[in-house]
Amino acid sequence: MKRRPNVLIMMELLELVIREPRGPTRLAQAANLNYQRCDESIRILSERGLIASDVREGRELYAATPKGVSLFMRWAEIFEELHLS
31 MKRRPNVLIM MELLELVIRE PRGPTRLAQA ANLNYQRCDE SIRILSERGL IASDVREGRE
91 LYAATPKGVS LFMRWAEIFE ELHLS
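Just so we're aligned, residue 31 is where the sequence shown starts under this note's numbering, counting upward by one.
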């Protein structure tokens, strides 16, 4: 099976947390990633200020920051312009 490039994985994770805040396990499942690879991508997105974690009812949930939403919207425009979506 062909691996997805990291940039596509990160954009998919951003899209998922823009739609709905999710915990790390649900995020890995929705993106069809193993937990370790998802966790590494979450760490990178967090370090760059694109997603942030919040603890609700004892669960850690990730949501997109305004910076993350802005980056995703620009990414979507580029994909649309190139007719890739």
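For each residue, glycine too, the CB sits at the ideal point set by N, CA and C.
Counting along the chain, Leu112 sits inside no beta strand (DSSP E), nor does DSSP assign it H or E at all. When the Cα atoms are used, Val99 and Pro51 turn out to be separated by approximately 13 Å. The straight-line gap separating the alpha-carbon atoms of Asn64 and Lys32 is approximately 15 Å. A Cβ-Cβ contact shorter than 8 Å links Leu75 with Met40. Residue state for Arg67 is assigned as helix, using DSSP reduced to three classes. At least 8 Å separates the beta-carbon of Ala61 from that of Leu38.
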